[in-house]
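Here is the structure we will look at, set down as structure tokens.
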Amino acid sequence: MNYHWNWSIFLEQVKSGDETYLDWLLTGLGWTLALSLTAWALALTIGIVVGALRSTPSRLLVAIGNAWVELFRNIPLLVQMFLWFFVVPEFLPRDWSLWVKQEMPAKEFVTAALCLGFFTSARIAEQVRAGVGSLPRGQRDAALALGLTLPQAYRQVLLPQALRIVIPPLTSEFMNVFKNSSVAFAIGVLELTFQARQMQEDSEQGIETYLAVTLLYFICAFSANRGMAWIEARSRVPGLIARTN
Amino acid sequence: MIEIRNVSKWYGQTQVLANASTHVAKGEVVVVCGPSGSGKSTLIKCVNGLEPFTEGTITVDGVSVGDPKTDLPRLRARVGMVFQHFELFPHMSVEQNLALAQVKVLGRSKEEALARGAVLLDRVGLRDHATKFPGQLSGGQQQRVAIARALAMDPICLLFDEPTSALDPEMIGEVLDVMVELAQEGMTMMCVTHEMGFARKVARRVVFMDHGEIVEDAPTGAFFDAPASERAKTFLSRILRH
Numbered sequence: 000m001n002y003h004w005n006w007s008i009f010l011e012q013v014k015s016g017d018e019t020y021l022d023w024l025l026t027g028l029g030w031t032l033a034l035s036l037t038a039w040a041l042a043l044t045i046g047i048v049v050g051a052l053r054s055t056p057s058r059l060l061v062a063i064g065n066a067w068v069e070l071f072r073n074i075p076l077l078v079q080m081f082l083w084f085f086v087v088p089e090f091l092p093r094d095w096s097l098w099v100k101q102e103m104p105a106k107e108f109v110t111a112a113l114c115l116g117f118f119t120s121a122r123i124a125e126q127v128r129a130g131v132g133s134l135p136r137g138q139r140d141a142a143l144a145l146g147l148t149l150p151q152a153y154r155q156v157l158l159p160q161a162l163r164i165v166i167p168p169l170t171s172e173f174m175n176v177f178k179n180s181s182v183a184f185a186i187g188v189l190e191l192t193f194q195a196r197q198m199q200e201d202s203e204q205g206i207e208t209y210l211a212v213t214l215l216y217f218i219c220a221f222s223a224n225r226g227m228a229w230i231e232a233r234s235r236v237p238g239l240i241a242r243t244n
Numbered sequence: 000m001i002e003i004r005n006v007s008k009w010y011g012q013t014q015v016l017a018n019a020s021t022h023v024a025k026g027e028v029v030v031v032c033g034p035s036g037s038g039k040s041t042l043i044k045c046v047n048g049l050e051p052f053t054e055g056t057i058t059v060d061g062v063s064v065g066d067p068k069t070d071l072p073r074l075r076a077r078v079g080m081v082f083q084h085f086e087l088f089p090h091m092s093v094e095q096n097l098a099l100a101q102v103k104v105l106g107r108s109k110e111e112a113l114a115r116g117a118v119l120l121d122r123v124g125l126r127d128h129a130t131k132f133p134g135q136l137s138g139g140q141q142q143r144v145a146i147a148r149a150l151a152m153d154p155i156c157l158l159f160d161e162p163t164s165a166l167d168p169e170m171i172g173e174v175l176d177v178m179v180e181l182a183q184e185g186m187t188m189m190c191v192t193h194e195m196g197f198a199r200k201v202a203r204r205v206v207f208m209d210h211g212e213i214v215e216d217a218p219t220g221a222f223f224d225a226p227a228s229e230r231a232k233t234f235l236s237r238i239l240r241h
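Chains as they are written, first to last, in numbering that gives the first Met the number 0: chain A, 0 to 244; chain B, 0 to 241.
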């Protein structure tokens, strides 16, 4: 391989300013974290609600939940980014449309967070529904028989159990959020992938750039994994789910 | 207290309850028995509205269960139910299981609910297990907790759906003892069970079901000594053989 390695490139100044390339990557990392965590909070909230709706006895609620899941599950994430950024604002009422296009602060970031959050929520909803479905029917009956309303039964009895059961797939989803956030560069969010492309072009040291970015994504996803493992250990209930390791 | 009049229920084409009528008066214990698939569990779940029914009326303390205007959670809070598989909430400790509905439904304070729970745990002989989780208890202990959980709501009557069917034989006694005690204190009880010893001891009447029908509804002595129908005779001879 005939390549001029230069690992000190990260400390060098960029061509058009007084920042270093490391500053660029750290800024990118900051946006990646902000975007991923915002999207995750949104996805978890919506995913739990939609997943719960899909496990209720009401056909209407199930249909609404199903529609949500299918809408976000069947379109590629990249295309969804473009849809939210370029198409959806056009269909808003005139005043809103103008506001979104001209005045909304951090337009790219907000759009990407909503898009990634909704996309991920569809996947979480599917897992939550499966988790509730795996509980014995008697748990719902017992909760209702005590006089709890259906929402109370979900809040107090069904979801706390279902969520414990689905922590392993939720862990994968949490890691996916960090990885999928890289798609947001396509609509101009200044996140890690965006900064990497910029650094590669500016510095012409593509290999060092992408190796560094690879490491940073790995650290993000792996931290998410460890964080969820910690939550899983903390939420373990004696006698509920057998230890598997 | 419980009035069941001409109740029928279909699952699609299959009829699971056929014109069933019976009642449980205040302070009375009625045992419901019959072969598996006879509709007895379905019937008892209709009483607190866990299962909807197609025709007929059920009233509990004068409140119509099938009426869409009835506040079912409110009614259910007054009707205790004990299940075959206990159905304790496995993610909560025993005392939390007992306190949950007292706090969320009856609006009692946490302290009040825990205190009431402690009294009932003591009563079912499980005072020392308050902070354990259901998964750490034996089946018999779990079922006694489930009874205490139902009692914590100060119910006007109790429904039992095969409370001992999932228990190992050596644990059946401890659960039946609690049930007998409740019966002797005058608790109104409707019990789906195959424990004929229990029925003889405390039941005022026995309701025998087969194929969704109530075939016999007789005073306990008469039912055991001289069952009127062939089906009840066959059933009794099968379960009393050993």
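All residues carry an ideal CB built from backbone N, CA and C; glycine is no exception.
Note that the structure is a prediction, hence the values are computed from the model and not measured.
Query                                                                                                                          : Result
Supposed close pair A/LEU34, A/ALA183 - CB separation, criterion 8 angstroms                                                   : 6 angstroms
Sheet register partners of B/LEU157 (DSSP bridge)                                                                              : B/GLY79 and B/MET188
Buried or exposed by the 16-neighbour rule on C-beta atoms within 10 Å, applied to A/GLY16                                     : exposed
The stretch 5-19 of chain B touching the stretch 109-128 of chain B, judged by at least three CB pairs closer than 8 angstroms : no
Distance, B/VAL46 Cα to B/ALA147 Cα                                                                                            : 20 angstroms
Of the residues A/ALA232, A/LEU145, A/GLN138 and A/LEU215, the one placed nearest B/LYS103, counting alpha carbons only        : A/LEU145
Given B/GLY134 as reference, the closest of A/ALA124, A/PRO237 and A/SER181 once Cα atoms are compared                         : A/PRO237
Assumed close pair B/ARG95, B/ARG115 - CB separation to whole angstroms, cut-off 8 angstroms                                   : Inspection of the sequence shows that residue 95 of chain B is occupied by Gln rather than by Arg. That pair is no contact at about 13 angstroms.
Straight-line Cα distance separating A/ASN224 from A/LEU21                                                                     : 25 angstroms
Proximity to B/THR21 [Cα-Cα], best of B/ALA221, B/GLN141, B/PHE222 and B/VAL205                                                : B/VAL205
Under 7 angstroms by beta carbon: chain B residues contacting A/VAL156                                                         : PHE88
Between the CA atoms of B/ALA112 and B/LEU105 - distance to the nearest angstrom                                               : 9 angstroms
Reference A/LEU7; option with closest CA among A/ALA228, A/SER202 and A/PHE217                                                 : The amino acid at residue 7 of chain A is misidentified as Leu; the sequence shows Ser. Out of A/ALA228, A/SER202 and A/PHE217, A/SER202 has the C-alpha closest to the C-alpha of A/SER7.
Beta-carbon gap between B/SER37 and B/GLY185 smaller than 8 angstroms                                                          : no
Contact check, A/MET174 vs A/ALA220, beta carbons under 8 angstroms                                                            : yes
Expected contact under 8 angstroms - CB spacing of B/ASP167 and B/GLY138 to nearest Å                                          : 6 angstroms
Alpha-carbon spacing of B/LEU57 relative to B/VAL23, whole angstroms                                                           : In the sequence on display, residue 57 of chain B carries Ile and not Leu. Approximately 11 angstroms, taken between the alpha carbons.
Contact under 8 angstroms by Cβ, B/LEU16 with B/VAL31                                                                          : no
Against chain A: residues of the stretch 76-101 of chain B by CB proximity under 7 angstroms                                   : ALA76, MET80, PHE82, HIS84, GLU86, PHE88, PRO89, HIS90, LEU99 and ALA100
Alpha-carbon to alpha-carbon, B/SER92 and B/ARG203                                                                             : 36 angstroms
Coarse secondary structure for B/GLY210, derived from DSSP in three states                                                     : Looking at the sequence shown, residue 210 of chain B is not Gly but His. If DSSP states are grouped into helix, strand and coil, B/HIS210 belongs with coil.
Expected contact under 8 angstroms - CB spacing of A/LEU24 and A/MET198 to nearest Å                                           : 7 angstroms
Reference A/ILE218; option with closest CA among A/LEU162, A/PHE177, A/ARG58 and A/ALA232                                      : A/PHE177
Contact set between B/MET152 and chain A, taken where Cβ atoms lie within less than 8 angstroms                                : LEU145 and GLY146
Contacts of A/LEU236 in chain B (Cβ-Cβ under 8 angstroms)                                                                      : One detail in the question is off: residue 236 of chain A reads as Val in this sequence, not Leu. Those are PRO89, HIS90, PHE132 and GLY134, listed as they occur along chain B.
The stretch 110-122 of chain A / the stretch 56-73 of chain A touching (three or more Cβ pairs under 8 angstroms)              : yes
Closer than 8 angstroms to chain B by CB, A/ASP140                                                                             : yes
Partner residues on chain A for B/PRO67, Cβ-Cβ distance less than 9 angstroms                                                  : Per Cβ cutoff of 9 angstroms: no residues; B/PRO67 is ~14 angstroms from chain A at best.
Same chain, Cβ closer than 7 angstroms to B/VAL174, five either side skipped, listed in chain order                            : GLY139, GLN142, ARG143, PRO162, THR163 and LEU166
Proximity of A/LEU41 and A/ALA112 at Cβ, strictly below 8 angstroms                                                            : yes
Amino acids of chain A, ordered along the chain, whose beta-carbon sits closer than 9 angstroms to that of B/ARG73             : GLY146
8 angstroms contact criterion, which A/LEU215 and A/LEU28 should meet: CB distance rounded                                     : 6 angstroms
contact_flag[the stretch 52-61 of chain A, the stretch 72-91 of chain A] where n(CB pairs < 8 angstroms) is 3 or more          : no
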